[in-house]
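Notes to accompany the following structure.
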Amino acid sequence: MQKIQICIQKLENSEFFRSFLDQMQNPNMLAKFLKVLGPETKMLMVIYGIGSIESFEPPRLQLSLAILIKRKFDWIGEIQVFDPIISLMESKVLTSLGCSVLSINEQGRRQS
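In this text, residue positions in the sequence shown follow UniProt numbering: the first is 1, and each later residue adds one.
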């Protein structure tokens, strides 16, 4: 949990994230996201194949970005995560961060 919290802070204070937010908040970009939403009020975020958030920084950065996006935009709904290598400890951390851990491998193909 500490590794993720540090990663979230590091990313939130980065030039990359400031630039990313600027792009996401651009009225044209925002309009495109809201068009995709249609009548829905929240967009589900599904992350397949994230890897080990305990062992590697890239998965922690990916998760941190997803969490920060959810915090910044009220139209982002639930974050669902799947990787067959997610450990029980990682699953608990993900759950405590407000994510749902998928137990079924959807093979990267979400069925509506």
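Virtual Cβ for every residue (Gly too), placed ideally from N, Cα, C.
Owing to the predicted nature of the structure, the values given are computational and were not obtained by experimental measurement.
Can you look up residue i in the DSSP assignment and give me helix, strand or coil?
i	result
Gln25	coil
Ile80	A small fix is needed here, since residue 80 is Gln in this sequence, not Ile. Three-state result, Gln80: strand.
Met45	strand
Ser103	coil
Gln111	coil
residue 113	As shown, the chain starts at 1 and ends at 112. That puts residue 113 outside it, with no answer to give.
Ser14	coil
Ser52	coil
Thinking just about the alpha-carbon of each residue, which of the options is nearest to the one in residue i?
i	options	result
Leu63	Ser103, Glu90, Gly108	Glu90
Ser55	Met1, Phe33, Ile76	Met1
Ile85	Ser103, Pro39, Val36, Arg109	Ser103
Phe17	Ile67, Phe33, Met45	Ile67
Ile76	Asp83, Met24, Glu12, Leu88	Met24
Since residue i and residue j should fall inside the 8 Å C-beta cutoff, what is the C-beta to C-beta distance between them, to a whole number of angstroms?
i	j	result
Val93	Ile50	The pair is not a contact, with the Cβ atoms about 12 Å apart (cut-off 8 Å).
Which stretch, first to last residue, makes up the alpha helix (DSSP H) that contains residue i?
i	result
Pro58	57–72
residue 115	Outside the shown range of the chain, which is 1 to 112, sits residue 115, and nothing can be said about it.
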